[in-house]
Amino acid sequence: MENFKEKTGLVSEKTIFVGGWSPYEPLTSEDKEIFNEVMKNYVGVDYEPFEVSKQIVNGTNYRFRCKAKGVYPGATEELCIVEIYKPIEGEPKLVSIKNVDSYSEQNRQIPGGWSPYEPLTAESKFVFAEATERIEGVVYTPFKVATQVVQGMNYRFRAEAQVVYPGAVPYLVIMQVYKPLNGKAVITSIEKI
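101 is the number that this note's numbering gives to position 101 of the sequence shown; each next residue is one higher, with no gaps.
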């Protein structure tokens, strides 16, 4: 699946933090069961998952890398990411389905999914500052944000990063931050894009 990795840029450039996303791995039988339970009622497209990344929250978030193909003559295969949330108690739910070519943007908005990227608000600037207050050695400057309502709020910041040393070249990242209902915002992952 080298082509998939090249298209997403989500390979080894990923920095994992406690509470962040795991690296993509082959699916276990439990992963397949959760995927099949959620997707059994979605018709018109066949989704074939081949890797999964997980994030432990108040339950578990799943990102399934899938091959997707419409169920009609002449349909072409596409690569997509299916995001599923499984609460500690209760049924797993579909959060979003995103075409790999528009992974950073919303391909199909589903209730409970990510909002489109928008300019920062005073609230999102505060959350970003709270989450990054202890970072040293790299300066992050956010310029867009997407949000997702969960047990609290998830934020996906597009930001410029620059290591603090002379001649350092800035680069772009997506920083995910979780802000619980009560408590401080924390960084869950930083991905170079």
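Here a beta-carbon is modelled for each residue, glycine too, at the ideal position from N, C-alpha and C.
Exercise for review: Quick one: grab the DSSP three-state call for I88.
Suggested key: Reading the sequence shown from its first residue, position 88 is the one you call residue 88. I88 falls in the coil class under three-state DSSP.
Check your understanding: Which class does K32 belong to by DSSP, given the choice of helix, strand or coil?
Key -> Residue numbering aside, residue 32 sits at position 32 when the sequence shown is read from its first letter. For K32, the secondary structure class from DSSP, reduced to helix, strand or coil, is helix.
Check your understanding: Roughly how many whole angstroms lie between the Cα atoms of T141 and E160?
Key -> For the purposes of this step, residue 141 is taken as the residue at position 141 of the sequence shown. For the purposes of this step, residue 160 is taken as the residue at position 160 of the sequence shown. The C-alpha of T141 lies about 5 Å from the C-alpha of E160.
Point to revise | Cutoff 8 Å; reference T147; Cβ partners in own chain excluding five residues on either side | key: For the purposes of this step, residue 147 is taken as the residue at position 147 of the sequence shown. Here the set comprises W114, S115, S124, M153, N154, Y155 and R156.
Exercise for review: Pull up the distance between the alpha-carbon of F64 and that of G20, whole angstroms please.
Suggested key: Sequence index remark: in the sequence shown, residue 64 carries index 64 (1-based). Sequence index remark: in the sequence shown, residue 20 carries index 20 (1-based). Using only the alpha carbons, I get a separation of about 16 Å.
Check your understanding: Are the CB atoms of I193 and M175 nearer to each other than 8 Å?
Key -> The residue you call residue 193 lines up with position 193 of the sequence shown. The residue you call residue 175 lines up with position 175 of the sequence shown. Against a cut-off of 8 Å, the Cβ pair of M175 and I193 comes out as no contact.
Review point. Which of the three DSSP states, helix, strand or coil, is assigned to T76?
Key: As a first step, residue 76 is located in the sequence shown; it is residue number 76 there, counting from the start. T76: coil per DSSP, three-state reduction.
Check your understanding: Under the rule that 16 or more other beta-carbon atoms within 10 Å means buried, what is I84, buried or exposed?
Key -> As a working mapping, residue 84 is identified with position 84 in the sequence shown. I84 sits buried, since 16 or more C-beta atoms from the chains shown fall within 10 Å of its C-beta.
Point to revise | CA nearest to the CA of P119, picked from V82, P180 and V145 | key: Against the sequence shown, residue 119 aligns to sequence position 119. Among V82, P180 and V145, the Cα nearest to that of P119 is on V145.
Check your understanding: Taking C-alpha atoms, which residue in V82, Y178, V169 and I135 lies nearest to D46?
Key -> Here the question's residue 46 lines up with position 46 in the sequence shown. The shortest Cα separation from D46 among V82, Y178, V169 and I135 belongs to V82.
Check your understanding: My guess is that A185 and E136 are in contact by the Cβ rule of under 8 Å, so how many angstroms apart are they, rounded?
Key -> As a first step, residue 185 is located in the sequence shown; it is residue number 185 there, counting from the start. As a first step, residue 136 is located in the sequence shown; it is residue number 136 there, counting from the start. At roughly 18 Å, the Cβ-Cβ gap does not stay under 8 Å, so A185 and E136 are not in contact.
Check your understanding: By a C-beta neighbour count over all protein chains shown, 10 Å radius and 16 as the cutoff for buried, is Y72 buried or exposed?
Key -> Here residue 72 corresponds to residue number 72 of the sequence shown, with the count starting at 1. Counting other Cβ atoms within 10 Å of its Cβ, Y72 stays below 16 and is therefore classed as exposed.
Check your understanding: At what residues does the alpha helix (DSSP H) containing T132 begin and finish?
Key -> For the purposes of this step, residue 132 is taken as residue 132 along the sequence shown, with counting starting at 1. That run of the alpha helix (DSSP H) goes A122 to T132.
Practice item. Under the assumption that P49 contacts F35 (Cβ atoms under 8 Å), give the Cβ distance between them as a whole number of angstroms. Key: Position 49 of the sequence shown holds residue 49. Position 35 of the sequence shown holds residue 35. Yes, they are in contact, since the Cβ atoms of P49 and F35 sit about 5 Å apart, within 8 Å.
**Study point:** Through-space distance from K69 to E51, alpha-carbon basis
**Key:** What you label residue 51 is simply residue 51 of the sequence shown in a count that begins at 1. What you label residue 69 is simply residue 69 of the sequence shown in a count that begins at 1. In this structure, the straight-line span from the alpha carbon of E51 to that of K69 is close to 17 Å.
**Study point:** Nearest-angstrom beta carbon gap, V177 and V127 [assumed within contact, 8 Å]
**Key:** For this step, residue 127 is matched to residue 127 along the sequence shown. For this step, residue 177 is matched to residue 177 along the sequence shown. At roughly 6 Å, the Cβ-Cβ gap stays under 8 Å, so V127 and V177 are in contact.
Point to revise | Best match in T132, E37, C66 and L181 for proximity to Y24 [C-alpha to C-alpha] | key: Position 24 of the sequence shown, counted from the start, is the residue given in the question as residue 24. The shortest C-alpha separation from Y24 is found at C66.
Practice item. Look at V38 and V150 and say whether their C-beta atoms are less than 8 Å apart. Key: As a first step, residue 38 is located in the sequence shown; it is residue number 38 there, counting from the start. As a first step, residue 150 is located in the sequence shown; it is residue number 150 there, counting from the start. No Cβ-Cβ contact shorter than 8 Å links V38 with V150.
Point to revise | Cα-Cα separation, C80 to Y42 | key: One-based indexing of the sequence shown puts residue 80 at position 80. One-based indexing of the sequence shown puts residue 42 at position 42. Straight across, the Cα-Cα distance linking C80 with Y42 is about 15 Å.
Point to revise | Span separating the alpha-carbon of N61 from that of K54 | key: In the sequence shown, the residue the question calls residue 61 occupies position 61. In the sequence shown, the residue the question calls residue 54 occupies position 54. Whole-angstrom Cα-Cα distance: 6 Å.
Point to revise | Bounding residues of the beta strand (DSSP E) (the contiguous stretch that carries V95) | key: By one-based count along the sequence shown, residue 95 stands at place 95. Annotation for V95: the continuous beta strand (DSSP E) segment containing it runs K93 to N99.
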